[in-house]
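Here the structure is laid out as C-alpha coordinates; the discussion comes afterwards.
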Amino acid sequence: MAVTLKAAKREDLTKSATKQIRTNGDVPSVVYGKEEDSKAIFVNSTELVKTVRDEGRNAIISLDIEGEKPVDVMLHEYQTEPLKDEVIHADFYIVNMKQEMDVTVSLNLDGEPVGVKDGGVLQQPMYELQVRAKPADIPEVISVDVNKLEIGDTITVADLPKADLYEINEDEDTTVATVVPPDTVEDLEGEESDEGAEPELVGAEEDEGKSE
(Lines of atoms letter the chains of each structure in order from A and count residues from 1; the text may use other names and numbers.)
(Lines give C-alpha, C1' and ligand atoms only; values in the text may rest on other atoms or scores of the structure.)
Protein backbone atom coordinates (compact mmCIF):
# COMPACT_ATOMS: atom_id res chain seq x y z
CA MET A 1 0.00 0.00 0.00
CA ALA A 2 1.33 3.42 -1.00
CA VAL A 3 2.21 5.92 1.70
CA THR A 4 0.43 9.28 1.44
CA LEU A 5 2.28 12.57 1.06
CA LYS A 6 0.28 15.80 0.97
CA ALA A 7 1.14 18.50 -1.57
CA ALA A 8 -0.13 21.89 -2.74
CA LYS A 9 0.10 23.69 -6.07
CA ARG A 10 2.63 26.43 -6.71
CA GLU A 11 0.88 29.30 -8.45
CA ASP A 12 3.65 31.88 -8.07
CA LEU A 13 6.90 30.61 -9.65
CA THR A 14 9.03 33.68 -8.99
CA LYS A 15 12.35 33.32 -7.15
CA SER A 16 11.05 35.25 -4.15
CA ALA A 17 8.01 32.95 -3.83
CA THR A 18 10.22 29.86 -4.15
CA LYS A 19 12.53 31.20 -1.46
CA GLN A 20 9.56 31.82 0.83
CA ILE A 21 8.38 28.22 0.34
CA ARG A 22 11.76 26.96 1.54
CA THR A 23 11.72 29.41 4.45
CA ASN A 24 8.37 27.93 5.50
CA GLY A 25 9.90 24.45 5.69
CA ASP A 26 8.55 23.18 2.37
CA VAL A 27 10.23 21.84 -0.76
CA PRO A 28 9.46 23.29 -4.23
CA SER A 29 8.74 20.28 -6.45
CA VAL A 30 7.53 19.12 -9.85
CA VAL A 31 5.29 16.15 -10.65
CA TYR A 32 5.15 14.76 -14.19
CA GLY A 33 4.47 11.63 -16.25
CA LYS A 34 4.55 10.32 -19.81
CA GLU A 35 0.99 11.33 -20.58
CA GLU A 36 0.65 14.09 -17.98
CA ASP A 37 1.57 17.75 -18.05
CA SER A 38 4.12 18.73 -15.43
CA LYS A 39 2.77 20.55 -12.37
CA ALA A 40 4.59 22.83 -9.98
CA ILE A 41 3.86 21.83 -6.38
CA PHE A 42 5.44 21.89 -2.95
CA VAL A 43 5.58 19.33 -0.14
CA ASN A 44 6.57 19.53 3.51
CA SER A 45 10.31 18.95 3.87
CA THR A 46 10.05 16.96 7.11
CA GLU A 47 7.35 14.68 5.72
CA LEU A 48 9.30 14.07 2.50
CA VAL A 49 12.50 13.14 4.33
CA LYS A 50 10.57 10.91 6.75
CA THR A 51 8.81 9.14 3.86
CA VAL A 52 12.06 8.37 2.04
CA ARG A 53 13.79 7.29 5.27
CA ASP A 54 10.95 5.00 6.39
CA GLU A 55 9.75 3.64 3.03
CA GLY A 56 12.92 3.62 0.94
CA ARG A 57 14.15 5.40 -2.17
CA ASN A 58 11.85 3.44 -4.52
CA ALA A 59 8.68 3.69 -2.44
CA ILE A 60 5.34 4.21 -4.16
CA ILE A 61 3.89 7.47 -2.85
CA SER A 62 0.25 8.49 -3.09
CA LEU A 63 0.73 12.19 -3.78
CA ASP A 64 -2.33 13.98 -2.43
CA ILE A 65 -2.36 17.32 -4.24
CA GLU A 66 -4.81 19.75 -2.67
CA GLY A 67 -8.00 19.94 -4.71
CA GLU A 68 -7.09 17.01 -6.97
CA LYS A 69 -7.34 13.23 -7.04
CA PRO A 70 -4.26 11.52 -5.49
CA VAL A 71 -1.75 10.07 -7.97
CA ASP A 72 0.80 7.26 -7.52
CA VAL A 73 4.34 8.59 -7.90
CA MET A 74 7.95 7.75 -7.18
CA LEU A 75 10.62 10.21 -6.11
CA HIS A 76 12.64 10.50 -9.31
CA GLU A 77 15.39 12.76 -7.98
CA TYR A 78 16.02 15.51 -5.49
CA GLN A 79 18.55 18.26 -4.86
CA THR A 80 20.10 19.17 -1.54
CA GLU A 81 21.90 22.20 -0.16
CA PRO A 82 25.26 20.72 0.98
CA LEU A 83 26.06 23.17 3.76
CA LYS A 84 22.68 22.87 5.49
CA ASP A 85 22.00 19.31 4.25
CA GLU A 86 18.48 20.30 3.33
CA VAL A 87 16.32 19.16 0.39
CA ILE A 88 15.73 22.18 -1.84
CA HIS A 89 13.93 20.59 -4.81
CA ALA A 90 12.24 17.29 -5.69
CA ASP A 91 10.94 15.64 -8.86
CA PHE A 92 8.09 13.13 -8.66
CA TYR A 93 7.31 10.77 -11.53
CA ILE A 94 3.75 9.49 -12.05
CA VAL A 95 3.88 5.69 -12.38
CA ASN A 96 1.64 3.16 -14.09
CA MET A 97 1.20 0.39 -11.52
CA LYS A 98 0.64 -2.16 -14.30
CA GLN A 99 3.72 -1.26 -16.33
CA GLU A 100 7.31 -2.37 -15.70
CA MET A 101 9.96 0.27 -15.18
CA ASP A 102 13.74 0.40 -14.73
CA VAL A 103 15.07 1.53 -11.36
CA THR A 104 18.23 1.40 -9.28
CA VAL A 105 18.19 -0.87 -6.21
CA SER A 106 20.80 -1.12 -3.45
CA LEU A 107 22.88 -4.30 -3.19
CA ASN A 108 23.62 -5.57 0.33
CA LEU A 109 26.18 -8.21 1.37
CA ASP A 110 25.02 -10.32 4.33
CA GLY A 111 27.40 -12.08 6.70
CA GLU A 112 31.15 -12.40 7.22
CA PRO A 113 33.03 -14.55 4.69
CA VAL A 114 35.14 -17.51 5.86
CA GLY A 115 37.94 -16.00 3.79
CA VAL A 116 37.90 -12.79 5.82
CA LYS A 117 38.30 -14.78 9.03
CA ASP A 118 41.33 -16.38 7.39
CA GLY A 119 42.89 -13.00 6.66
CA GLY A 120 41.37 -12.16 3.29
CA VAL A 121 39.68 -8.89 2.38
CA LEU A 122 36.08 -8.63 1.15
CA GLN A 123 35.66 -6.31 -1.82
CA GLN A 124 32.33 -5.09 -3.22
CA PRO A 125 32.71 -3.53 -6.69
CA MET A 126 28.95 -2.94 -7.07
CA TYR A 127 26.66 -1.24 -4.55
CA GLU A 128 23.64 -0.78 -6.83
CA LEU A 129 21.84 -2.85 -9.45
CA GLN A 130 19.61 -1.89 -12.36
CA VAL A 131 16.29 -3.70 -11.93
CA ARG A 132 13.13 -3.95 -14.07
CA ALA A 133 9.80 -4.53 -12.33
CA LYS A 134 6.29 -3.24 -11.86
CA PRO A 135 6.23 -0.41 -9.28
CA ALA A 136 4.63 -2.53 -6.52
CA ASP A 137 7.19 -5.34 -7.05
CA ILE A 138 10.37 -3.25 -6.83
CA PRO A 139 12.55 -4.65 -3.99
CA GLU A 140 13.79 -2.19 -1.39
CA VAL A 141 17.18 -3.94 -1.40
CA ILE A 142 18.72 -7.07 -2.93
CA SER A 143 20.80 -9.10 -0.48
CA VAL A 144 23.31 -11.88 -1.07
CA ASP A 145 24.83 -14.24 1.54
CA VAL A 146 28.64 -14.06 1.54
CA ASN A 147 29.32 -16.23 4.62
CA LYS A 148 30.74 -19.17 2.61
CA LEU A 149 33.12 -17.12 0.48
CA GLU A 150 36.73 -18.26 0.83
CA ILE A 151 39.86 -16.43 -0.32
CA GLY A 152 39.74 -16.32 -4.11
CA ASP A 153 35.97 -16.88 -4.33
CA THR A 154 33.78 -14.52 -6.32
CA ILE A 155 30.06 -13.84 -6.57
CA THR A 156 28.74 -12.52 -9.89
CA VAL A 157 25.37 -11.17 -10.96
CA ALA A 158 24.49 -14.67 -12.18
CA ASP A 159 24.84 -15.96 -8.60
CA LEU A 160 22.33 -13.51 -7.11
CA PRO A 161 18.99 -14.87 -5.84
CA LYS A 162 16.43 -15.27 -8.63
CA ALA A 163 13.00 -13.66 -8.30
CA ASP A 164 9.81 -13.95 -10.32
CA LEU A 165 8.69 -10.38 -9.65
CA TYR A 166 11.74 -8.51 -10.97
CA GLU A 167 14.58 -8.84 -13.46
CA ILE A 168 18.16 -7.71 -12.90
CA ASN A 169 19.47 -5.78 -15.91
CA GLU A 170 23.20 -6.30 -15.45
CA ASP A 171 25.81 -8.42 -17.25
CA GLU A 172 25.72 -11.85 -15.56
CA ASP A 173 29.55 -12.02 -15.48
CA THR A 174 29.86 -8.77 -13.51
CA THR A 175 31.50 -9.28 -10.10
CA VAL A 176 29.48 -8.07 -7.11
CA ALA A 177 31.66 -9.48 -4.31
CA THR A 178 35.03 -11.20 -3.98
CA VAL A 179 37.49 -12.13 -1.23
CA VAL A 180 41.09 -11.37 -2.13
CA PRO A 181 44.38 -12.13 -0.30
CA PRO A 182 45.80 -9.24 1.78
CA ASP A 183 48.88 -8.92 -0.47
CA THR A 184 46.60 -8.36 -3.48
CA VAL A 185 45.05 -5.33 -1.80
CA GLU A 186 48.53 -3.97 -0.99
CA ASP A 187 49.60 -4.44 -4.63
CA LEU A 188 46.54 -2.57 -5.86
CA GLU A 189 47.18 0.29 -3.44
CA GLY A 190 50.79 0.41 -4.63
CA GLU A 191 49.69 0.66 -8.25
CA GLU A 192 47.31 3.50 -7.40
CA SER A 193 50.08 5.46 -5.67
CA ASP A 194 52.40 4.93 -8.64
CA GLU A 195 49.72 6.15 -11.02
CA GLY A 196 49.31 9.27 -8.92
CA ALA A 197 53.05 10.06 -9.05
CA GLU A 198 54.22 12.87 -11.30
CA PRO A 199 55.63 11.43 -14.56
CA GLU A 200 59.29 11.97 -15.35
CA LEU A 201 59.90 14.33 -18.26
CA VAL A 202 61.85 12.44 -20.90
CA GLY A 203 64.62 14.52 -22.34
CA ALA A 204 64.37 17.17 -19.65
CA GLU A 205 68.06 16.89 -18.72
CA GLU A 206 69.09 17.17 -22.38
CA ASP A 207 67.02 20.33 -22.78
CA GLU A 208 68.62 21.81 -19.69
CA GLY A 209 72.07 20.96 -21.01
CA LYS A 210 71.33 22.65 -24.36
CA SER A 211 70.06 25.79 -22.64
CA GLU A 212 73.36 26.08 -20.78
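Quick note on the UniProt record's numbering: the sequence shown kicks off at 1 and runs consecutively.
Glycine included, C-beta positions come from ideal geometry on N, C-alpha and C.
Residue i - containing beta strand (DSSP E), residue span
i: residue 21; result: No beta strand (DSSP E) holds residue 21; the alpha helix (DSSP H) holding it covers 15-23.
i: residue 6; result: 3-9
i: residue 152; result: Taken as a continuous stretch (DSSP letters only), residue 152 belongs to no beta strand (DSSP E), as it is neither H nor E.
i: residue 65; result: 61-65
i: residue 121; result: 121-123
Proximity to residue i [Cα-Cα], best of the options
i: residue 23; options: 144, 39, 44; result: 44
i: residue 18; options: 88, 143, 109; result: 88
i: residue 123; options: 7, 112, 55, 58; result: 112
i: residue 91; options: 106, 61, 159, 14; result: 61
i: residue 157; options: 117, 143, 80, 33; result: 143
i: residue 139; options: 106, 52, 7, 97; result: 106
i: residue 73; options: 168, 6, 169, 180; result: 6
i: residue 217; options: 102, 78, 64; result: In the structure as shown, the chain begins at 1 and stops at 212. Residue 217 is therefore absent and cannot be evaluated.
i: residue 97; options: 175, 21, 33, 180; result: 33
i: residue 65; options: 56, 181, 42, 115; result: 42
i: residue 110; options: 8, 20, 160; result: 160
Buried versus exposed call for residue i [16 or more other C-beta atoms within 10 Å across all chains shown]
i: residue 29; result: buried
i: residue 162; result: exposed
i: residue 26; result: buried
i: residue 120; result: buried
i: residue 289; result: Nothing about residue 289 can be reported from this structure: the residues present for the chain run from 1 to 212 only.
i: residue 108; result: exposed
i: residue 117; result: exposed
i: residue 39; result: buried
i: residue 205; result: Confidence is the limiting factor: at residue 205 the pLDDT is only 46, short of 50, which leaves the residue's position unreliable and the question unanswerable from this model.
i: residue 178; result: buried
i: residue 135; result: buried
i: residue 13; result: exposed
i: residue 16; result: exposed
i: residue 83; result: exposed
i: residue 171; result: exposed
i: residue 169; result: exposed
i: residue 58; result: buried
i: residue 199; result: Low confidence applies to residue 199: its pLDDT is 47, below 50, so where it sits in the model is not reliable enough to give any reading.
Segment limits, alpha helix (DSSP H) that includes residue i
i: residue 50; result: 45-55
i: residue 176; result: Note, residue 176: premise wrong, no alpha helix (DSSP H); beta strand (DSSP E) at 175-180.
i: residue 144; result: Run containing residue 144: none in the alpha helix (DSSP H); it sits in the beta strand (DSSP E), 141-145.
i: residue 114; result: 114-117
Cβ separation of residue i and residue j, assumed to be a contact under 8 Å, to the nearest whole Å
i: residue 166; j: residue 145; result: Their Cβ separation, rounded to whole angstroms, is 19 Å, which puts residue 166 and residue 145 out of contact at 8 Å.
i: residue 36; j: residue 94; result: 5 Å
Beta-ladder partner(s) of residue i, from DSSP
i: residue 33; result: 36
i: residue 108; result: 143
i: residue 90; result: 29, 78
i: residue 163; result: BP columns for residue 163 are empty, so no partner.
i: residue 128; result: 106
i: residue 41; result: 9, 29
Chain B contact for residue i (CB, 7 Å cutoff)
i: residue 150; result: Absent from the structure: chain B. Only one protein chain is present.
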